[in-house]
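In the working numbering, the protein residues as written are 1 to 144.
Every residue gets a Cβ at the ideal spot worked out from N, C-alpha and C, and that includes glycine.
Contents: one structure, followed by commentary.
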Amino acid sequence: MDHQFILEIEQQLRELSLLMKRKEREILHHFPITQQQFFVLMLLTEYGDMTIGELSQKCCLACSTMTDLIDRMEKNQVVKRIRGERDRRIVNIHLLPRGEELIIQVMEARRQYLSNVLSHLSTEERVMIKKLLSSVYEKMKELS
Numbered sequence: 001m002d003h004q005f006i007l008e009i010e011q012q013l014r015e016l017s018l019l020m021k022r023k024e025r026e027i028l029h030h031f032p033i034t035q036q037q038f039f040v041l042m043l044l045t046e047y048g049d050m051t052i053g054e055l056s057q058k059c060c061l062a063c064s065t066m067t068d069l070i071d072r073m074e075k076n077q078v079v080k081r082i083r084g085e086r087d088r089r090i091v092n093i094h095l096l097p098r099g100e101e102l103i104i105q106v107m108e109a110r111r112q113y114l115s116n117v118l119s120h121l122s123t124e125e126r127v128m129i130k131k132l133l134s135s136v137y138e139k140m141k142e143l144s
């Protein structure tokens with residue numbers, strides 16, 4: 001495959017990712033939550049209760065950093081620590097209703113932004129983008 005073509009695709013994907021992260025940061029400015037905290041809430045939504053060690057691993061953060069992050073999130077009443085019933089040494093992080101509501105609000109703001117961007121494209125272009133992104137995603141997942 002053409003080397004220049006690959007370089008251009010990689011650059012476009014990187015720039016698109018950067019634009020999405022900037023917009024996410026801008027959106028999150030309107031909510032009492034940081035990007036890292038939002039990512040933790042999304043993980044808890046997707047996987048259910050997790051230990052600090054599991055969250056640290058998925059976020060690529062040190063356990064001490066994750067502990068501080070969870071402390072702040074617990075103070076904001078978006079998560080709470082729950083000790084294991086069988087083994088009290090195990091502490092799981094549980095998503096609270098306020099955290100769920102924040103996710104819903106942030107995701108709605110993100111969808112509104114994306115809807116606005118996509119509204120400038122034709123129906124055919126939107127369908128093509130969805131199909132191509134799905135195809136690239138599936139191939140990347142398969143090769144990972």
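Element boundaries [alpha helix (DSSP H), containing residue i]
i, result
"R40", "A small fix is needed here, since residue 40 is Val in this sequence, not Arg. Q35 to Y47 is the span of the alpha helix (DSSP H), which, as asked, contains V40."
"L114", "P97 to L118"
"V136", "T123 to L143"
Cβ distance (whole Å) where residue i is taken to contact residue j below 8 Å
i, j, result
"I27", "V106", "6 Å"
"L69", "V40", "7 Å"
"L118", "R126", "5 Å"
"F31", "L96", "Rounded, the Cβ-Cβ distance is 15 Å, inconsistent with contact."
Own chain partners of residue i with C-beta closer than 6 Å, once the 5 adjacent residues on each side are dropped
i, result
"M73", "Q37 and V79"
Other residues of its chain near residue i: CB distance less than 7 Å, five sequence neighbours each side excluded
i, result
"R14", "none"
Proximal residues to residue i (C-beta, below 8 Å), its chain only, five neighbours per side dropped
i, result
"V91", "T51, I52, R81, I82, R83 and G84"
"L43", "M50, L55, K58 and C59"
Per DSSP, cross-strand counterpart(s) of residue i
i, result
"I93", "M50 and R81"
- Message: Extract the residue ranges of the alpha helix (DSSP H) inside the stretch 4–88, only unbroken runs of 4 or more that lie entirely within it.
- Response: 35–47, 52–59 and 63–75
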